[in-house]
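Right, one structure below, let's go through it.
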Amino acid sequence: MIRALSLEYFKLRRKRIFAMTALFLGAEMLWALVSTTMSIARNPSSADWKTIIATTASMNGLFLPIISAIVVSRLCDMEHKGNTWKLLMATNMNRSSIYAAKFICAASILCLYLVLQAGIIFAFGMMNGFDSIPLRLLILHIGGALLTSMAIVALQQWISLIVKNQSFALSLGMIGGFIGMTADLFPAFVRRIFIWSYYSGLSPVTYLYTEKSATYVMQPPSPVLIAAVLLIAAACYAAGNIHVSRKEV
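If you want the numbering used here, it's the 1-based position in the sequence shown plus 6.
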């Protein structure tokens with residue numbers, strides 16, 4: 007497993023994945039910070055951690071499905087284009103280990119993305135004189151987004167290894183980004199169908215809409231949603247792993 011994981015990171019050295027991830031993070035956080043600043047300017051009472059965390063969670067619904075699709079597509083496309091499965095089998099590497107290594111590699115990149123994102127949120131809050139550091143909120147923010155991203159990675163990896171043309175997988179990521187961004191506009195039962203909507207569902211802060219405005223309220227972790235995400239992730243991962251294990255090379 008360690009050798010397979012090291013190989014996945016080694017193969018990324020010329021793929022510019024980290025540069026692309028940094029670009030996405032910069033664009034997302036610029037949008038989120040500008041939006042939060044404008045919200046605070048209109049309503050000074052909203053100058054707290056809940057505003058920036060809820061805004062960022064909403065942005066995650068757009069950006070993270072797309073960057074997840076890009077990262078996974080890059081990891082899987084090299085096996086299609088280079089037809090490297092036979093070479094990997096010749097080294098006596100287990101297919102399940104290779105599949106797991108790709109999943110862990112993609113998940114670790116997204117974990118780094120979210121940790122850096124939390125750091126930017128923290129810096130913004132300190133610069134604007136927000137109250138004491140909400141360590142629990144930041145941990146829940148990272149955990150909810152990472153859990154959702156892992157389920158999306160499992161789905162994207164399955165699709166990327168089934169379909170050689172990565173345009174399909176990337177298109178799925180863009181569709182997921184649209185669904186994730188607009189998820190709060192759907193009824194609750196509709197949101198639960200789409201995994202991309204869980205970025206807002208597992209966020210520790212959410213919007214509460216009234217007739218005149220929207221306010222930010224705390225949202226405790228939902229065991230039902232967490233169980234649903236874990237189930238989806240496990241199902242997609244198992245399906246993809248079975249496909250790779252039975253694939254003829």
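No residue lacks a Cβ here, since even glycine has one placed at the ideal position from N, Cα and C.
Following the DSSP letters along the chain, one finds valine 40 inside the alpha helix (DSSP H) bounded by residues 23-48. For threonine 221, the beta-bridge partners assigned by DSSP are Leu214.
The beta carbons of leucine 236 and serine 155 sit no closer together than 7 Å. Distance from the CA atom of leucine 167 to the CA atom of asparagine 100, rounded to whole angstroms, is 16 Å.
A direct Cα-Cα distance of roughly 32 Å separates arginine 197 from alanine 129.
In this chain, the alpha helix (DSSP H) harbouring methionine 156 covers 141-168. It is roughly 11 Å from the alpha-carbon of threonine 27 to the alpha-carbon of cysteine 117. Residue burial is scored here from C-beta neighbours: arginine 19 has fewer than 16 other C-beta atoms within 10 angstroms and is therefore classed as exposed. For the options Asn134, Lys108, Ser209, the alpha carbon positioned closest to that of glycine 150 is the one of Ser209. Each of Leu31, Pro226, Ile201 was checked against the Cα of leucine 120, and the nearest Cα belongs to Leu31.
Annotation for isoleucine 201: no alpha helix (DSSP H) segment contains it, and DSSP assigns it neither H nor E.
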